[in-house]
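In this text, residue positions in the sequence shown follow this note's numbering: the first is 22, and each later residue adds one. Cβ atoms here follow ideal geometry from the backbone N, Cα and C, with glycine treated the same way.
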Amino acid sequence: MHVLIVATTHKELIEILSDWKKKKQSVGLVPTMGALHSGHLELLKICHEDCDKSVVSIFVNPKQFNNLSDYEKYPITLEADKKLLKENQCDLLFAPHHDEVYPQSFSPIKLDISELNSVFEGPFRPGHFDGVIQVVHRLFQMLEPQKAFFGLKDFQQCLVINRLKQELHPKLQLVFCSIIREESGLAMSSRNRRLSDEGLNKAALIYKSMLHVKNLFQQVEPKDALGFAKYLLEQASFEIEYLDLANSDSLKPMEKWQKKGKNVVLAAVWLEGIRLIDNVQF
Ligand code: AMP
Numbered sequence: 022m023h024v025l026i027v028a029t030t031h032k033e034l035i036e037i038l039s040d041w042k043k044k045k046q047s048v049g050l051v052p053t054m055g056a057l058h059s060g061h062l063e064l065l066k067i068c069h070e071d072c073d074k075s076v077v078s079i080f081v082n083p084k085q086f087n088n089l090s091d092y093e094k095y096p097i098t099l100e101a102d103k104k105l106l107k108e109n110q111c112d113l114l115f116a117p118h119h120d121e122v123y124p125q126s127f128s129p130i131k132l133d134i135s136e137l138n139s140v141f142e143g144p145f146r147p148g149h150f151d152g153v154i155q156v157v158h159r160l161f162q163m164l165e166p167q168k169a170f171f172g173l174k175d176f177q178q179c180l181v182i183n184r185l186k187q188e189l190h191p192k193l194q195l196v197f198c199s200i201i202r203e204e205s206g207l208a209m210s211s212r213n214r215r216l217s218d219e220g221l222n223k224a225a226l227i228y229k230s231m232l233h234v235k236n237l238f239q240q241v242e243p244k245d246a247l248g249f250a251k252y253l254l255e256q257a258s259f260e261i262e263y264l265d266l267a268n269s270d271s272l273k274p275m276e277k278w279q280k281k282g283k284n285v286v287l288a289a290v291w292l293e294g295i296r297l298i299d300n301v302q303f
């Protein structure tokens, strides 16, 4: 039976990591907020194949929630998560308490991400990416991984983390993994657990409507393709925050199609009081 080490403090980590370092074992990190699903497990699988030791962190980071009720309602399923991690060959679960991540001596780092923060998630979630930067930087500091694994489900977050790597962790390798979806096409998310059965069925329309945009690539103007997708969602009583086209390198919103491979359509919508995001690249 595979052994999963569970650590909650930085002190415990130092011992475990120095042992691995002595043995010249490479470390891969998958940062999560828990309530694990197959999307997280896919990141772990890729990490496990790529590195000698795989570490998953579970920490519901208050600094990245701009909405207190979203934070308070965030699902916590630690025992089930441990079982899944063990079954999926994870070597170390790091599940720190708040004060380990943010001790009294904590001083936030400053990273200029203004142009990335002015589009899509940025204006709708003030302070969110700053919170992500703080926690991911702390995790990189504490775990010193050689590689870290993130999901393209959070497309904008991947670009922000890439900036963090370039500025402060140049030696670290980042791996961005494809979006894992339910059979219906709905992108897996811990927040899906809060949807009713009817909501879960309905939420499949997010991806379906975005696929229409992809299928209309260069057939009609982007605004008409996006308009059609928005119409479908609004008819089904989704509330749309954004559903727009951007260049996938810069994340600048675009009115014209980009060349093949450089288009990304990003969406954030509300259903049953739950905010869901997704994206499609083409
Ligand atoms: P979270 O626990 O939501 O903070 O997510 C932890 C990591 O898992 C992030 O890098 C996410 O982008 C990634 N992730 C979450 N859902 C999915 C998914 N459906 N497919 C791929 N990666 C995902």
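Nearest neighbour of residue i, chosen from the options [CA to CA]
i: F259; options: E293, M275, V286, H233; result: E293
i: I97; options: E108, K107, N82; result: N82
i: V153; options: I134, V140, L164, K168; result: I134
i: L65; options: S217, Q177, F197; result: F197
i: L216; options: K84, W291, K42; result: W291
i: V24; options: L34, W41, L113, E63; result: L113
i: F86; options: F145, E203, L99; result: F145
i: A116; options: L237, T29, Q256; result: T29
i: V285; options: D73, K235, E100; result: K235
i: L272; options: L232, Q178, A257, L185; result: Q178
i: S126; options: G282, R159, I298, D71; result: R159
i: D151; options: Q256, V181, L34; result: V181
i: R202; options: D218, K174, K223, L193; result: K174
i: D40; options: H69, L57, I67, K74; result: K74
i: H118; options: H233, G143, S78; result: S78
i: K94; options: E136, K283, I295; result: I295
i: L237; options: L266, N213, K223; result: L266
i: A257; options: L34, K223, H69; result: K223
i: G55; options: H31, K103, I67; result: K103
i: L105; options: V157, A289, H58; result: H58
Cα-Cα separation, residue i to residue j
i: W278; j: G172; result: 24 Å
i: V301; j: S210; result: 16 Å
i: V48; j: Y252; result: 46 Å
i: F10; j: G60; result: Beyond the ends of the chain as shown, which are 22 and 303, falls residue 10; an answer cannot be given.
i: A225; j: G206; result: 6 Å
i: Y228; j: I26; result: 37 Å
i: N268; j: Q162; result: 31 Å
i: A220; j: Q46; result: In the sequence as presented, Ala is not what sits at residue 220; that position holds Gly. For G220 and Q46, the distance between alpha carbons rounds to 44 Å.
i: L247; j: L164; result: 42 Å
i: P52; j: P274; result: 28 Å
i: N183; j: L195; result: 7 Å
i: F80; j: L264; result: 29 Å
i: E262; j: E276; result: 18 Å
i: C72; j: I37; result: 16 Å
i: V50; j: Y123; result: Rather than Val, the amino acid found at residue 50 in this sequence is Leu. Approximately 19 Å, taken between the alpha carbons.
i: F170; j: L185; result: 14 Å
i: L287; j: K43; result: 44 Å
i: I298; j: R212; result: 10 Å
i: S230; j: E255; result: 11 Å
i: M22; j: G282; result: 43 Å
i: F176; j: E121; result: 28 Å
i: Q155; j: K280; result: 34 Å
i: L62; j: D218; result: 23 Å
i: A208; j: R214; result: 12 Å
i: F303; j: L137; result: 20 Å
Where residue i falls: helix, strand or coil (DSSP)
i: S258; result: coil
i: R214; result: helix
i: C179; result: helix
i: K74; result: strand
i: Q162; result: helix
i: C111; result: coil
i: Y228; result: helix
i: I67; result: helix
i: V102; result: Per the sequence shown, the amino acid found at residue 102 is Asp instead of Val. Helix at D102.
i: V301; result: strand
i: Q155; result: helix
i: R296; result: strand
i: Y307; result: Beyond the ends of the chain as shown, which are 22 and 303, falls residue 307; an answer cannot be given.
i: N284; result: strand
i: P129; result: coil
i: Q279; result: coil
i: A56; result: coil
i: R202; result: strand
i: P96; result: coil
i: E234; result: Checking the sequence shown, residue 234 turns out to be Val, not Glu. Three-state result, V234: helix.
i: A208; result: strand
Distance cut-off 7 Å: residue i Cβ against heavy atoms of the ligand ATP
i: K168; result: Absence of the ligand ATP is noted for the structure shown, with the ligand AMP being the only ligands found.
**Item:** Cβ pair count under 8 Å reaching 3, the stretch 80 to 95 against the stretch 236 to 250
**Value:** no
**Prompt:** Just checking, does the stretch 102 to 110 make contact with the stretch 185 to 192 on the three C-beta pairs under 8 Å criterion?
**Reply:** no
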